[in-house]
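S.K.: Take this structure first; my questions come after.
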Amino acid sequence: MVFLSRLLRADICKQSLLSLRKSTGHSFQHCKKALEHSNNDINEAVKWLESEAVKQGWTKLERAAARATKEGVFGVARIENVAAVTEVNCETDFVARNSELRGFAARVSEGLCGEFAEKAPIGLKQISWEEISQLILGEQSIEESRARLVAKLGENLNVRRSLVVSPPDGEKVAVSCHPDGTFGRYGAAIFYKGGNAEIAEKLCRHIIGMRPIAIGTEEDLARAKKARDAYKGQAKEAASDKQDAAASGTEGPGGEGEEEAEEEAPESVDEDLLLLQNYVFDQDLKVADILREHDMEIMKFWRFECGDELMESKARE
1 MVFLSRLLRA DICKQSLLSL RKSTGHSFQH CKKALEHSNN DINEAVKWLE SEAVKQGWTK
61 LERAAARATK EGVFGVARIE NVAAVTEVNC ETDFVARNSE LRGFAARVSE GLCGEFAEKA
121 PIGLKQISWE EISQLILGEQ SIEESRARLV AKLGENLNVR RSLVVSPPDG EKVAVSCHPD
181 GTFGRYGAAI FYKGGNAEIA EKLCRHIIGM RPIAIGTEED LARAKKARDA YKGQAKEAAS
241 DKQDAAASGT EGPGGEGEEE AEEEAPESVD EDLLLLQNYV FDQDLKVADI LREHDMEIMK
301 FWRFECGDEL MESKARE
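Heads up, the sequence shown is in the UniProt record's numbering, so the first residue is 1 and it goes up one at a time.
See the structure below:
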C-alpha cells in the first residue's frame, strides 16, 4: 500500500507540474520548487511563483540596468476616443518578438487608456515613467509586472515612452502598428473627421509605410493636377513631333513620346504630402480620392518608430 501511495502521489505531482508549467510558462525546475513549497497546491504554487518572480526581477533589474536596450516594440490601445502608445525596449530582437513582451506593452497602453479615459488632455501627451509605474495591471503594478518579466525573459527591459492621444471635440482618433495592428516596431496615430474606424486604421498603416511629413491642402491638389495636365500636354506635343519627324524621314519610328514624357514627370515634390501619395492599398488611387470617397478628413497625424523621435505632421499652411 505504501508503494502504491507513492506511485499515486508521484503521478499527481507530475500532472500538477505539467499543469503549472503550461499555465505560468515558468521552467520545470521553478514549477517543481513551487509545488514543493505549496505541498502540491497549484493555486498556492502560482502565488509563490509570482512572488519569487518579482523578487528575482528586482535583483535582475539591478544587474541588467546598465545593459543597452536597442531593440523593442510598441503596444497600442484605444478605448472610445482615447488612444495610448507604449514603447518597451529590450536587448535583442528575439525578445522583441516575444508574445509576453508584446502583451505587456499592449496592457500598459490599455491601462493608460483606462486611467485617462475621463481626463485625457487634448492632443498628445507623454506620460512619465514615474507617473505610470504604479498603475495597476491586474493585481500588480506596472513596475512589478516589468520586474517579473525581466526575471522570466532574462533581459533588461525599459519603458522608453508612453503617450496618450485624445482629439478635440468633433474629431476621432485611430491608432495602429506594423506588422500587427496592436503591436510592432512602427506605429501611427491620426485625428480625423467623418469616415469610419476601418478606413482610419488603414490610413494609419499607410502613414507607417509611406512616411509623409505633412497632410497637404486643396491648393496642393490643384497644383498637382495642373502640373499633371501640363506634362500630358507636353507628352502629346512630343509624340506628335516625333511622328511628324518619322513621316518626313528625319526621325525613326516613334509613338512612345507620350509614355516617355509621363514616365519622366517629376513627382518627388508630392511624395511627402499625404493627400498626394498613392494609396498603399490601391495604387490606382490617391489618398485624397479615398478621403473623398468616405467623406473623411485627416486633421493631424503622428508616426513613430522604435528608437527614433516622434514625427508629427507639419501644420497646415
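Yeah, the Cβ is synthetic: ideal placement off N, Cα and C, and Gly gets one too.
What residues in its chain sit with their C-beta under 8 Å from that of Leu153, if we drop five residues either side in the sequence?
M.R.: Excluding positions up to five away in sequence, the list reads Cys90, Val95, Asn98, Glu100, Leu101.
S.K.: Give the C-beta separation of Glu171 and Phe191 to the nearest angstrom, bearing in mind that I take them to be a contact with Cβ-Cβ under 8 Å.
M.R.: With a Cβ gap of about 5 Å, Glu171 and Phe191 count as contacting.
S.K.: Which value, in whole angstroms, describes the spacing of the CA atoms of Asp284 and Asn278?
M.R.: Taking the straight line joining both Cα atoms gives about 7 Å.
S.K.: Select from Ala77, Ala45, Arg21, Cys306 the residue whose C-alpha is nearest the C-alpha of Val173.
M.R.: Checked all of Ala77, Ala45, Arg21, Cys306; the closest Cα to Val173 is Ala77.
S.K.: Using the Cα positions of Met1 and Asn158, report the straight-line distance between them to the nearest angstrom.
M.R.: Bear in mind that a pLDDT of 42 at Met1, under 50, signals an unreliable position, so the number given afterwards is only what the model happens to contain. Computed Cα separation, rounded: 55 Å.
S.K.: Beta-carbon within less than 7 Å of Lys13's beta-carbon, same chain only, minus the 5 sequence neighbours each way: which residues are those?
M.R.: The amino acid occupying residue 13 in the given sequence is Cys; Lys does not appear at that position. Within the same chain, Cys13 has close Cβ partners Leu35, Asn40.
S.K.: With a 10 Å radius around its C-beta and 16 neighbouring C-beta atoms as the bar for buried, classify Ala197 as buried or exposed.
M.R.: It counts as exposed.
S.K.: Work out the CA separation of His26 and Ala151 for me, nearest whole Å.
M.R.: Answer to the nearest angstrom: the Cα atoms are 10 Å apart.
S.K.: Quick check: the Cα distance between His273 and Met210, rounded to an integer number of angstroms?
M.R.: First, the residue type needs correcting, since residue 273 is Leu and not His in the sequence shown. So the alpha carbons of these two residues sit roughly 10 Å apart.
S.K.: What ranges does the alpha helix (DSSP H) occupy inside the segment 167-219, keeping only unbroken runs of at least 4 residues that lie completely in it?
M.R.: Runs of the alpha helix (DSSP H) inside the segment 167-219: 197-210.
S.K.: With 16 other CB atoms within 10 Å as the buried threshold, where does Thr92 fall?
M.R.: Looking at its Cβ environment, which holds fewer than 16 other Cβ atoms inside 10 Å, Thr92 is exposed.
S.K.: Can you find a CB in chain B that lies within less than 8 Å of the CB of Tyr186?
M.R.: Although the question refers to chain B, the structure presented lacks it and comprises just one protein chain.
S.K.: Kindly list the residues whose CB is nearer than 6 Å to the CB of Glu134, restricted to its own chain and excluding five residues on each side of it in sequence; keep chain order.
M.R.: Per the sequence shown, the amino acid found at residue 134 is Gln instead of Glu. Contacts found: Ser141.
S.K.: For the 8 Å Cβ check, are there 3 or more pairs between the segment 299-307 and the segment 180-194?
M.R.: Yes, they touch.
S.K.: Please name the residue, chosen from Leu124, Arg161, Ile122, Pro121, that lies closest to Ala108 on a Cα-to-Cα basis.
M.R.: The residue asked about is misnamed: residue 108 is Val in this sequence, not Ala. Selected option, being the one with the closest Cα: Arg161.
S.K.: Taking C-alpha atoms, which residue in Pro167, Leu17, Tyr186, Lys226 lies nearest to Glu309?
M.R.: The shortest C-alpha separation from Glu309 is found at Tyr186.
S.K.: Could you give the first and the last residue of the continuous beta strand (DSSP E) run that contains Phe28?
M.R.: Segment 28-37 is the alpha helix (DSSP H) holding Phe28; no beta strand (DSSP E) there.
S.K.: Between Phe104 and Val88, which are expected to be in contact by the criterion C-beta below 8 Å, what is the C-beta distance as a whole number of angstroms?
M.R.: Right, their Cβ atoms sit about 6 Å apart.
S.K.: How many whole angstroms separate the CB atoms of Cys113 and Ala147, which I take to be in contact at a CB cut-off of 8 Å?
M.R.: About 23 Å separates the two Cβ atoms, so there is no contact after all.
S.K.: When you compare each of Glu312, Ile136, Pro167, Trp48 to Lys119 by their alpha carbons, which one comes out closest?
M.R.: Of Glu312, Ile136, Pro167, Trp48, the residue nearest in Cα terms is Pro167.
S.K.: Can you name, in chain order, every residue of its own chain whose Cβ lies under 8 Å from the Cβ of Ser16, other than the five neighbours on each side?
M.R.: Result list for Ser16: Leu35, Asn40, Ile42, Ala45, in chain order.
S.K.: What residues match up with Ala84 in a beta bridge as DSSP calls it?
M.R.: Note: Ala84 sits in a beta bridge opposite Ala77, Val164.
S.K.: Let me confirm a value: Ser51 is counted as buried when at least 16 other C-beta atoms fall within 10 Å, else exposed. Which label applies?
M.R.: By the neighbour-count rule (16 or more Cβ atoms within 10 Å), Ser51 is not buried but exposed.
S.K.: Under 8 Å between the Cβ atoms of Leu124 and Leu163?
M.R.: Yes.
S.K.: Who are Asp282's beta bridge partners in DSSP?
M.R.: Asp282 pairs with Tyr279.
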